[in-house]
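Take a look at the structure set out below.
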Amino acid sequence: MDISFSGVVTFICCVFAAAAAFLIRRSKSKSDGGEDSCNLNGGDMVEKVPVTVVAEKHTGASMMEQLVPEITTHALSYLDYPSLCRLSMTNSLMRKAANDDNAWKALYHKDFTLEQDSVTPINGWKAYYAATRAIMNVNADFFKIIKERSVPAMERFWINADYVKCFHASGEYFTGYNAVIGSWQLAFNWEQNVDVEIRDVKARVMTDSAWVTMKAYLNMGSGNVTNVFEFHNGRWYMVHHHCSVMLIHGGAGQQVVQG
Ligand SMILES: *[C@@H]1O[C@H](CO)[C@@H](O)[C@H](O)[C@H]1NC(C)=O
30 MDISFSGVVT FICCVFAAAA AFLIRRSKSK SDGGEDSCNL NGGDMVEKVP VTVVAEKHTG
90 ASMMEQLVPE ITTHALSYLD YPSLCRLSMT NSLMRKAAND DNAWKALYHK DFTLEQDSVT
150 PINGWKAYYA ATRAIMNVNA DFFKIIKERS VPAMERFWIN ADYVKCFHAS GEYFTGYNAV
210 IGSWQLAFNW EQNVDVEIRD VKARVMTDSA WVTMKAYLNM GSGNVTNVFE FHNGRWYMVH
270 HHCSVMLIHG GAGQQVVQG
């Protein structure tokens with residue numbers, strides 16, 4: 030792609046983004062739901078948003094509709110997730126564009142990870158994006174439970190099975206539901222004001238299992254974490270947690286902490 034052509038593409042994308050922003054604002058003011066009204070799994074609520082095609086002729090939207098798909102996809106890659114959702118609610122053409130698999134692939138790479146470029150999700154990138162977002166939320170819940178030190182929440186979080194395993198930052202290892210929950214009970218009794226920050230979170234989601242890797246930074250140290258989840262009866266359960274032996278801040282790794 031030479032410079033002048035990419036300049037034209039950038040210009041078209043700017044115009045497109047501006048027109049899209051207009052459409053999104055308008056659709057937002059017409060529907061009360063805001064971000065939450067985006068239904069990732071179905072388009073059934075799209076029909077309910079009353080937008081006339083005639084009005085778009087005066088706003089430049091008709092120009093958007095004439096763009097070649099490659100440019101539309103490229104332009105859509107500048108939008109974030111709520112915007113893409115709202116855009117899909119403006120009219121059928123925009124819904125088609127906003128459901129474009131490449132747009133969702135671009136958004137997946139932007140929001141989650143540049144890895145998994147060679148992956149071909151069986152139900153398309155939109156569904157894969159939704160599944161990844163769901164598992165990211167479940168994973169974040171795990172650290173919320175640790176922060177709140179809630180034993181009942183931890184009990185609900187794990188599947189009640191003999192094969193679950195938990196490797197704590199202390200290096201201690203527990204297997205089986207009762208032993209694992211017991212170890213968290215003990216950890217929650219001992220620890221005070223745990224501040225957890227997770228970075229480099231990467232998820233791989235399959236039909237009914239998923240694993241997430243990340244770096245965890247606590248007030249006392251940091252470690253590498255792997256969490257594994259299984260999908261049963263309509264929800265995700267933790268089946269495996271492994272935290273590498275945690276490095277104490279400023280230390281050389283000789284000391285280990287409880288967790
Ligand atoms: C994760 O593991 C790598 C390799 O052992 C190590 O260099 C790094 O410090 C670990 N990260 C954290 C956050 O502890």
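Numbered per this note's numbering, the sequence shown finishes at 288, counting up by one with no gaps.
Note that the Cβ used here is the ideal one computed from N, Cα and C, for glycine as well.
In angstroms with no decimal places, state the Cα-to-Cα distance between residue i and residue j.
i           : j           : result
residue 200 : residue 274 : 5 Å
residue 124 : residue 253 : 40 Å
residue 131 : residue 102 : 7 Å
residue 222 : residue 186 : 21 Å
residue 141 : residue 209 : 30 Å
residue 172 : residue 225 : 7 Å
residue 259 : residue 181 : 19 Å
residue 146 : residue 154 : 11 Å
residue 80  : residue 119 : Unreliable positioning characterises residue 80 in this predicted model, as indicated by a pLDDT of 41, which lies under 50. The coordinate reading is nonetheless provided below. If I take the Cα positions, the gap works out to 6 Å.
residue 268 : residue 176 : 20 Å
residue 202 : residue 271 : 9 Å
residue 72  : residue 183 : With a pLDDT of only 38 at residue 72, under the threshold of 50, the placement of this residue in the model should not be trusted; the figure read from the coordinates follows. About 35 Å.
For residue i, tell me which candidate among the options has the shortest Cα-Cα distance.
i           : options          : result
residue 230 : 245, 221 and 170 : 245
residue 179 : 233, 234 and 212 : 212
residue 205 : 214, 190 and 129 : 190
Mapping DSSP to helix, strand and coil, what is residue i?
i           : result
residue 144 : coil
residue 232 : strand
residue 64  : Unreliable placement is indicated for residue 64, whose pLDDT of 41 sits below 50; no coordinate value is reported for it.
residue 118 : coil
residue 107 : coil
residue 227 : strand
residue 188 : coil
residue 102 : helix
Please confirm if residue i has its CB atom under 9 Å from at least one CB of chain C.
i           : result
residue 160 : Considering every chain present, this structure includes no chain C. It has just one protein chain.
State the start and end residues of the unbroken beta strand (DSSP E) segment that holds residue i.
i           : result
residue 268 : 264 to 272
residue 239 : 238 to 246
residue 251 : 250 to 261
residue 192 : It is not in any beta strand (DSSP E) - residue 192 carries neither H nor E in the DSSP assignment.
What residue range is occupied by the uninterrupted alpha helix (DSSP H) comprising residue i?
i           : result
residue 158 : 153 to 177
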